[in-house]
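Peer 1: Quick note on numbering: the sequence shown equals residues -24 to -1, 1 to 151 in mature numbering (1 follows the signal peptide of the UniProt record, and there is no 0).
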Amino acid sequence: MASATRALLVAAVTAAALFRTALGATYTVGAPAGSWDLRTNYTQWTSTIRFYTGDELRFQYPAAAHNVVEVTKTAYDNCSSSSPVATFPSGNDVIPLAAVGTRYFICGLPGHCAGGMKVQVNVQSKVVRCRRRGARQRCTQTTPQPNSAAQAGAQPVVALGLAAVVAGLMLLNLY
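Put into structure tokens, the structure is as follows:
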């Protein structure tokens, strides 16, 4: 029974590593040193991360103090939230990055955007690498791993799933 459990655990860890690449990452905006606030330098924060389709942004902030407004480039440049693309007021907003392109986010409260609460995110497509040529060509979609500074703010989507698998295996050992 112990060897079967060990084999299942190895399979779960391997699957989690593979799913990490396929599903993307969740980046907490401003992490690890900051958050969605007036103190964080978002230009510096985004300079350490490459965002890919399938990734997510998590904005965490006190809902009474801030919000997140997705805007156009012109509105971003002018710090205007009068015609938002979308508004996120919960204090724990997760925004999927589903398409290639540039996304613009500001805090819509008066003076906050002008005070630096704005972030521009450039979303890239995942890299496709092919082996061999002709009819036997094999292509795989890969995502380069983020550097250590970015990784500290990244939360792999599969972490919760892996924890559930491990907990399930532990319960199996009890019975």
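For glycine and all other residues, C-beta sits at the position ideal for the given N, C-alpha and C.
Pick helix, strand or coil for A1, following the three-state DSSP scheme.
Peer 2: In the structure shown, A1 sits in a strand (DSSP, three-state: E or B).
Peer 1: Alpha carbon to alpha carbon, how far is Y52 from A7? Give it in angstroms, no decimals.
Peer 2: Their Cα atoms are separated by approximately 22 angstroms.
Peer 1: Indicate whether the contact test is met: 3 or more Cβ pairs, each with one atom in the region 61 to 77 and one in the region 21 to 36, closer than 8 angstroms.
Peer 2: Yes, the region 61 to 77 touches the region 21 to 36.
Peer 1: Going by beta carbon distance, what residues of the same chain come within less than 6 angstroms of V97, once the five residues before and after it are set aside?
Peer 2: Within the same chain, V97 has close Cβ partners F27 and R79.
Peer 1: List the whole-angstrom C-beta distance separating A62 from V99, where the pair is believed to meet the contact cut-off of C-beta under 8 angstroms.
Peer 2: Not really, about 15 angstroms apart at Cβ, beyond 8 angstroms.
Peer 1: Among the residues of its own chain, which have a CB less than 7 angstroms from the CB of T29, if the five just before and after it don't count?
Peer 2: Hits under 7 angstroms: L73, A74, A75, V76, V99, S101 and K102.
Peer 1: Nearest to A1 by CA position, among I25, G91 and T19, is which residue?
Peer 2: A1 has its Cα closest to that of I25, out of I25, G91 and T19.
Peer 1: Mark C83 as exposed unless 16 or more other C-beta atoms lie within 10 angstroms of its C-beta, in which case mark it buried.
Peer 2: With 16 or more Cβ atoms within 10 Å of its Cβ, C83 is classed as buried.
Peer 1: When the distance is taken between beta carbons, is N43 closer than 8 angstroms to L85?
Peer 2: Yes. Within cutoff.
Peer 1: Would you decide whether V104 is buried or exposed? Buried here means 16 or more other CB atoms lie within 10 Å of its CB.
Peer 2: Exposed, because fewer than 16 other Cβ atoms sit within 10 Å of the Cβ of V104.
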